[in-house]
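Everything on this sheet refers to the single structure shown next.
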C-alpha cells in the first residue's frame, strides 16, 4: 500500500519559510534593529569606549559592562558589531536616538538648502564688465552657492546666440578651479543659460 505524502498547509509552509529567512513573524522594534542593546548583546566581551565616570576604556566581559550600565540607569549599546572585540558604549539609549535623529535632520536640512546665485551677461559684454561679473561668480561658488549664468538676448540680438554660448563656455573655463558645469549653455526663450555647482561646499 502506497502511503500518501503529508502536504503541509500553505500557512504552515509560509511560516517555515519566514522562520528560515527572517526568524519568524516576531514583530521587531525599529530601535532594536538599529542597535543591539543590553540583553540582546550575545558576545562574551566588548570594548567599552566613551566617557563614563569611574570606568576606564578597555575590553571587559559583556556581563560586567551590562552591570555597570544598569547600576547607572543607562544602557549598554553595541556601536560597532564587526570589530574584534565589538565596540560598545554605556549611555542613555533614548537620548542617543534623539540626538542621532536630530543630527540627521539637521544634515538633511543643510543638504536640501540649495542657494542659486544669478549672473547676467549681454551678448556684447565688454572685457571690463566680464571680469567684474566673473569675480562675483567666483565668490558665489567659493561660498558654496550654485551659479546660474545666462546671456540675455534683447530684441534682434538673438542673432548673436553663438557669441553668447562662447562667452558662457569661456566663463566655465575661467571658473573650473571653483565650479563644475551641471548644465551646458542652453537656449531657453531669450536667454542662454548655463548652470555651475561649486567643487567644494562649505
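Residue numbers (our numbering): 1346 to 1547. Backbone N, C-alpha and C fix where the C-beta goes; we use that ideal spot for every residue, glycine too.
Please classify residue 1382 as buried or exposed, where buried requires at least 16 neighbouring CB atoms within 10 angstroms.
Buried: at least 16 other Cβ atoms inside 10 Å.
Residues in its own chain within less than 6 Å of residue 1527 by CB, not counting five upstream and five downstream?
Taking C-beta separations shorter than 6 Å and ignoring five residues to either side along the sequence, the partners of residue 1527 in its chain run 1540 and 1542, following chain order.
Where are the alpha helix (DSSP H) runs, 4 residues long or more, that stay fully inside the region 1443 to 1531, in chain order?
For the region 1443 to 1531, whole alpha helix (DSSP H) runs of length 4 or above, ordered along the chain, are 1472 to 1487 and 1506 to 1519.
Might you give, ordered along the chain, the residues of its own chain that have their beta carbon closer than 7 Å to the beta carbon of residue 1533, omitting 5 neighbours on each side?
Taken in chain order, the list of residues that qualify is empty.
Decide yes or no for the touch test of the region 1443 to 1459 against the region 1481 to 1488: beta carbon pairs closer than 8 Å, at least 3 of them.
Taking a cut-off of 8 Å on C-beta distances, the region 1443 to 1459 does not touch the region 1481 to 1488, as fewer than three cross pairs fall below it.
State the start and end residues of the unbroken alpha helix (DSSP H) segment that holds residue 1407.
Unbroken alpha helix (DSSP H) run through residue 1407: 1407 to 1416.
Take residue 1578 and list the residues in its own chain whose beta-carbon comes closer than 7 Å to its own, dropping the five residues that flank it on each side.
Within the shown structure, residues of the chain are numbered from 1346 to 1547, placing residue 1578 beyond reach of any answer.
Leaving out five residues on either side along the sequence, give the residues of the same chain with a beta carbon under 7 Å from the beta carbon of residue 1402.
Taking residue 1402 as the centre and dropping the five residues before and after it, the same chain places the C-beta of 1393 and 1394 closer than 7 Å to its C-beta, in chain order.
Which residue from 1430, 1505, 1524 and 1428 puts its Cα closest to that of residue 1484?
Ranking 1430, 1505, 1524 and 1428 by CA distance to the CA of residue 1484 puts 1524 first.
In terms of residues, what are the limits of the beta strand (DSSP E) holding residue 1420?
Looking at the DSSP string, the run of the beta strand (DSSP E) that includes residue 1420 is 1420 to 1425.
When you compare each of 1497, 1390, 1417 and 1380 to residue 1397 by their alpha carbons, which one comes out closest?
Nearest option by C-alpha distance: 1417.
Terminal residues of the continuous beta strand (DSSP E) containing residue 1401?
Counting along the chain, residue 1401 falls outside any beta strand (DSSP E), and DSSP gives it neither H nor E.
Whole-angstrom Cβ separation of residue 1505 and residue 1468, contact assumed at under 8 Å?
Right, the Cβ-Cβ distance comes to about 4 Å (below 8 Å), so this counts as a contact.
Measure the C-alpha to C-alpha separation of residue 1472 and residue 1465 and round it to an integer number of angstroms.
One Cα belongs to residue 1472, the other to residue 1465, and the distance between them is close to 14 Å.
Residue 1434, DSSP secondary structure in three states:
Collapsing the DSSP output to three states places residue 1434 in a strand.
Nearest by alpha-carbon distance to residue 1386: which of 1425, 1399 and 1545 is it?
Nearest option by C-alpha distance: 1425.
Below 9 Å between beta carbons: does that hold for residue 1444 and residue 1479?
For residue 1444 and residue 1479, no; Cβs fall outside 9 Å.
State the start and end residues of the unbroken beta strand (DSSP E) segment that holds residue 1389.
Bounds of any beta strand (DSSP E) do not take in residue 1389, whose DSSP letter is neither H nor E.
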